[in-house]
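Q: Got a structure here, written out as structure tokens. Questions coming.
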Amino acid sequence: MRCSLEEKRYLAAHWSDREWASERRRQKGEPKAEKADGVTPAKKLCPEPTDEKEERAVLLGIGKESLPDTGGVPMLDELAELARTAGARILGRLWQRRERPHPRSYIGKGKMEELKALCEEVEANAVIADDDLSPAQVRTLEQEVDLRVIDRSELIIHIFAVHAQTRQARLQVDLAQMNYLSPRLKRMWTHLSRITGMGGIGSRGPGEKQIEVDRRIVQRRIRDLTRELAEIEGRRGRQVKSRADAFKVSLVGYTNAGKSTLMARLTGADVFVADQLFATLDTRTRRWPLEEGIDVLLSDTVGFIEKLPHHLIASFHATLEEVREADLLLHVVDAGDPVCEHRVQVVRDVLKELGADSVPELLVLNKIDLLPEPAEATILADRLDTDLLTSAINGEGIDPLIAAVRERATGSFSVVDLRIPVSDGRTLALLSRVGRIISRDYEGDCCRLTASVPAAALGELRPFLAR
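With our numbering, letter number 275 in the sequence shown gets 848, and the count goes up by one each step, no holes.
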């Protein structure tokens, strides 16, 4: 029987996956395939485009009167950048003003005819929607335009899959993909007849439908991924606890705001920097010496974006833990973004969803070198209520930023007198690591010190306070 477009997409994206193929063999009683070493690369919901079949896409979006002068252009500009990051070529755009999406077709009947005509005119082979579509909406759109339809969540997950480098990031992307796929299984296999000869452990009998098999495979995979990520989160939690005495700063902001470039400028660390969306997926932490005796831990995190899928936030829970545990957030803003004030609110909304909205924040207006007139940066800084204007590329404004962070970091320090036994190497090492020793003297078996120490370390050092 001929497969539908949705079924072809499903097969292309997942049928070749090792776990799924192994499950098919297990159900049929065939020998188990040899397992490869290492981590299976994150699967891609959107297959990589090739020269023979490049994704030639028309962008589709809807919206209220929130951006009346632009006709939705900023939102579709962002979608276009996402699509290009995923390897697609943009051939056209279509925007409809409406209060809410049509429950079955996403857009209205008249706009649907306009979409069909546009796709035929530019010879597109895909439609990319700017929202998370329901299975029914995807099915209706594909039936109407006779082309593949990709929604915003699928596009973002694909980009994450391409950029995932570490084991944790790959597992997180896999989990996001499985959560995305789970509610979309129902309509993918309704054309199949019941499968016979599928008995055995883990099977419900010979009359089981393929969709039931796949649903159990997906749920099993979700459980396995959740367990593995919980183990990683446990290890990360122990690492965070071991660094509890240090002053922790996290870089946050909209994707491609220049966070990684700023981190490289501040710490001198060799970090991957690229002018593309979601170039950073893995949290990277570097020691940042502000001055003698005051070290800060600076973390670079995954960028936020409008309409970030909730299952992605949930999947990257462990990675984003760094943000919740920070003592200070450097909220990096792209000064050249025409809707940067809106982006600031988007980031703050995501921080609230993460439970990190109570962490102190410094707003950093970055990329001021891209503004045609210096006065524009000053006007924008006044509107955003910040005096931190930087260019991570040429170093402009970096010294005032360092001074602002130093003021926050030293403000959490107290000068104390301590008497620590010389034999207590652990406490002396802790003091050297998190504090700044001002003076040191020896009295018999004890070391008498005056030191500047962070408030977080005072509890552990309290038994050694000089009376």
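C-beta: ideal position from N, C-alpha, C; glycine also.
For clarity, every value in this text was computed on a predicted model and none was experimentally measured.
So, with DSSP's three-state summary, where would you put S872?
A: Working through the sequence shown from its first residue, we reach residue 872 at position 299. Correct three-state label for S872: strand.
Q: Helix, strand or coil, according to DSSP, for H764 in the structure here?
A: Taking the first residue of the sequence shown as position 1, residue 764 is located at position 191. Confidence at H764 is low in this model, with a pLDDT of 40, below 50, so its placement is unreliable and the value that follows should be read with caution. Coil at H764, not helix or strand.
Q: Going by the DSSP bridge assignment, what does F986 pair with across the sheet?
A: Working through the sequence shown from its first residue, we reach residue 986 at position 413. Residue pairing from DSSP places F986 in a beta bridge opposite P1027.
Q: One question on the structure: do T959 and L936 come within less than 8 Å of each other, judged by their Cβ atoms?
A: If you number the sequence shown from 1, residue 959 lands on position 386. If you number the sequence shown from 1, residue 936 lands on position 363. In this structure, L936 lies closer than 8 Å to T959 by Cβ.
Q: As an exercise, report each continuous beta strand (DSSP E) stretch of at least 3 residues that is fully enclosed by the segment 639-690, in chain order.
A: 662-670
Q: Could you check what DSSP says for N939 in three-state terms: helix, strand or coil?
A: Counting from one through the sequence shown, the residue named residue 939 turns up at place 366. The answer is strand: DSSP assigns N939 an E or B state.
Q: Alpha helix (DSSP H) containing K832: first to last residue?
A: Taking the first residue of the sequence shown as 1, we reach residue 832 at position 259. 832-840 is the extent of the alpha helix (DSSP H) around K832.
Q: CB A819 to CB D868, shorter than 8 Å?
A: Here residue 819 corresponds to residue number 246 of the sequence shown, with the count starting at 1. Here residue 868 corresponds to residue number 295 of the sequence shown, with the count starting at 1. Their beta carbons are under 8 Å apart, which means A819 touches D868 by this criterion.
Q: Since E628 contacts N698 with CB under 8 Å, what's their CB separation in whole angstroms?
A: The residue labelled residue 628 in the question sits at position 55 within the sequence shown. The residue labelled residue 698 in the question sits at position 125 within the sequence shown. E628 to N698, Cβ: 7 Å. Contact.
Q: At what residue ranges does the segment 725-755 contain a whole run of the alpha helix (DSSP H), taking only runs of 4 or more?
A: Fully enclosed alpha helix (DSSP H) runs of 4 or longer: 725-736, 740-754.
Q: What number of angstroms, rounded off, separates the C-alpha of L924 from the C-alpha of A899?
A: Here the question's residue 924 lines up with position 351 in the sequence shown. Here the question's residue 899 lines up with position 326 in the sequence shown. The straight-line gap from Cα to Cα measures roughly 12 Å.
Q: Alpha carbon to alpha carbon, how far is E1033 from Q792?
A: Within the sequence shown, numbered from 1, the residue matching residue 1033 stands at position 460. Within the sequence shown, numbered from 1, the residue matching residue 792 stands at position 219. Taking the straight line joining both Cα atoms gives about 45 Å.
Q: Please work out which residues of its chain come closer than 8 Å, Cβ to Cβ, to L720, disregarding the five sequence neighbours upstream and downstream, and give them in chain order.
A: Counting from 1 along the sequence shown, the entry for residue 720 is found at position 147. Taken in chain order, the residues that qualify are L578, C692, A697, N698, A699, V700.
Q: Compare the C-alpha of H675 against each of E687, A702, Q710, G665 and name the closest.
A: Counted from its first residue, the sequence shown places residue 675 at position 102. Of E687, A702, Q710, G665, the residue nearest in Cα terms is Q710.
Q: Hey, out of T713, E686, D972, whose CA is closest to L863's CA?
A: Numbered from 1 along the sequence shown, position 290 holds the residue referred to as residue 863. Among T713, E686, D972, the Cα nearest to that of L863 is on D972.
Q: Give me the Cβ distance between L824 and L903, rounded to the nearest whole Å; I'm assuming they're in contact under 8 Å.
A: Looking up residue 824 in the sequence shown gives position 251. Looking up residue 903 in the sequence shown gives position 330. With a Cβ gap of about 5 Å, L824 and L903 count as contacting.
Q: To which residues does DSSP link F1037 through a beta bridge?
A: Here residue 1037 refers to the residue found at position 464 when the sequence shown is read from its first residue. Residue pairing of F1037 in beta bridges, as defined by DSSP: absent, with no partner found.
Q: Give the straight-line distance between the Cα atoms of R670 and R897, rounded to the nearest whole angstrom.
A: Along the sequence shown, one-based indexing puts residue 670 at 97. Along the sequence shown, one-based indexing puts residue 897 at 324. Distance between the alpha carbons of R670 and R897 is about 37 Å.
Q: What's the call for Y827, buried or exposed, on a 16-neighbour Cβ count within 10 Å?
A: Locating residue 827 in the sequence shown gives position 254, where the first residue counts as 1. So Y827 counts as buried.
Q: When the Cα atoms are used, what is the spatial distance from C913 to S931?
A: Reading the sequence shown from its first residue, position 340 is the one you call residue 913. Reading the sequence shown from its first residue, position 358 is the one you call residue 931. Going by the C-alpha atoms only, they are around 22 Å apart.
Q: Could you give the first and the last residue of the continuous beta strand (DSSP E) run that contains D907?
A: If you number the sequence shown from 1, residue 907 lands on position 334. Run containing D907: 901-907, per the beta strand (DSSP E) assignment.
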